[in-house]
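Asks: If you're matching positions, the sequence shown starts at 14 in the numbering used here and goes up one per residue.
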Amino acid sequence: MYSPPNEIIYSFTLVFSNQLGSGRLKFHIGEGTLTINVDYRGWMERYSSFIFRQWIDGFCINF
Numbered sequence: 014m015y016s017p018p019n020e021i022i023y024s025f026t027l028v029f030s031n032q033l034g035s036g037r038l039k040f041h042i043g044e045g046t047l048t049i050n051v052d053y054r055g056w057m058e059r060y061s062s063f064i065f066r067q068w069i070d071g072f073c074i075n076f
């Protein structure tokens, strides 16, 4: 997978029983900024925006 020099891409898979979901976290590093994007498709899609928002908030506080 190609990543530009100022971007980190972390691919992940969520598995529960026979259900599968996959996604990518993209960290884009700019001049004095960090932008985080989440792309996710799968069994937790309805709940993922709430869960990822909480995770990102916690990540930013502890960064």
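Quick reminder that beta carbons are idealized off the backbone N, C-alpha and C, glycines included. On a predicted model such as this, the values are computed, not experimentally measured, just so you know.
In the DSSP assignment, find the alpha helix (DSSP H) that holds Gly71 and state where it starts and stops.
Replies: Numbered from 1 along the sequence shown, position 58 holds the residue referred to as residue 71. For Gly71, the enclosing alpha helix (DSSP H) stretches over residues 58-75.
Asks: Any idea which residues DSSP pairs Glu20 with across the strands?
Replies: Sequence index remark: in the sequence shown, residue 20 carries index 7 (1-based). Glu20 is bridged to His41.
Asks: Confirm, please, whether the CB-CB distance from Thr46 to Ser35 is below 8 Å.
Replies: As a working note, residue 35 is residue 22 in the sequence shown. As a working note, residue 46 is residue 33 in the sequence shown. No, they are not a contact pair.
Asks: In chain order, what residues of the same chain have a beta carbon less than 6 Å from the beta carbon of Ile69, not counting five sequence neighbours either side?
Replies: Counting from 1 along the sequence shown, the entry for residue 69 is found at position 56. Hits under 6 Å: Ile49.
Asks: What are the partner residues of Ser30, as DSSP defines its beta bridges?
Replies: Translated into positions along the sequence shown, residue 30 becomes position 17. Note: Ser30 sits in no beta bridge, so no partner.
Asks: Give the straight-line distance between the Cα atoms of Arg66 and Arg37, rounded to the nearest whole angstrom.
Replies: Here the question's residue 66 lines up with position 53 in the sequence shown. Here the question's residue 37 lines up with position 24 in the sequence shown. Spanning the two alpha carbons is a distance of roughly 14 Å.
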